[in-house]
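K.L.:
Sequential numbering of the sequence shown, starting at 0, is according to numbering that gives the first Met the number 0.
Ideal placement from N, C-alpha and C gives every residue a C-beta, glycine not left out.
Below you'll find the structure I mean.
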Amino acid sequence: MIITCPKCARNHKVNPDTLKPFADAGKKNILASCKSCKFKFPVSLSSLLTLDEKPVDTKRRPGGVARKICITLSKGG
0 MIITCPKCAR NHKVNPDTLK PFADAGKKNI LASCKSCKFK FPVSLSSLLT LDEKPVDTKR
60 RPGGVARKIC ITLSKGG
């Protein structure tokens, strides 16, 4: 399964075996954490367990494009 981070638009692979205990406990939503930007967002378990390798649709930022970061280096003189 693949989850897309709504903040940085990075795809993450999820092992379905790790989610089965949460589904058996009756939980409807889980809190996913992006490894690259450390953003936490809710994902519904029902959408994760029904999909195989398709990306899970989460709320994306306005415009649907990942945030771009610019870094400027100077000599400081």
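To the nearest angstrom, how far is the alpha carbon of His11 from that of Lys37?
P.N.:
13 Å
K.L.:
Give the range of the beta strand (DSSP E) segment to which Pro41 is assigned.
P.N.:
Lys39 to Ser43
K.L.:
To which residues does DSSP link Thr30 through a beta bridge?
P.N.:
The question names Thr, but residue 30 is Leu in the sequence shown. Answer is Pro41, bridged to Leu30.
K.L.:
Quick one: Cα of Asn28 to Cα of Lys67, how far?
P.N.:
29 Å
K.L.:
Straight-line CA distance for Lys26 to Cys69?
P.N.:
Per the coordinates, the alpha-carbon of Lys26 lies some 40 Å from the alpha-carbon of Cys69.
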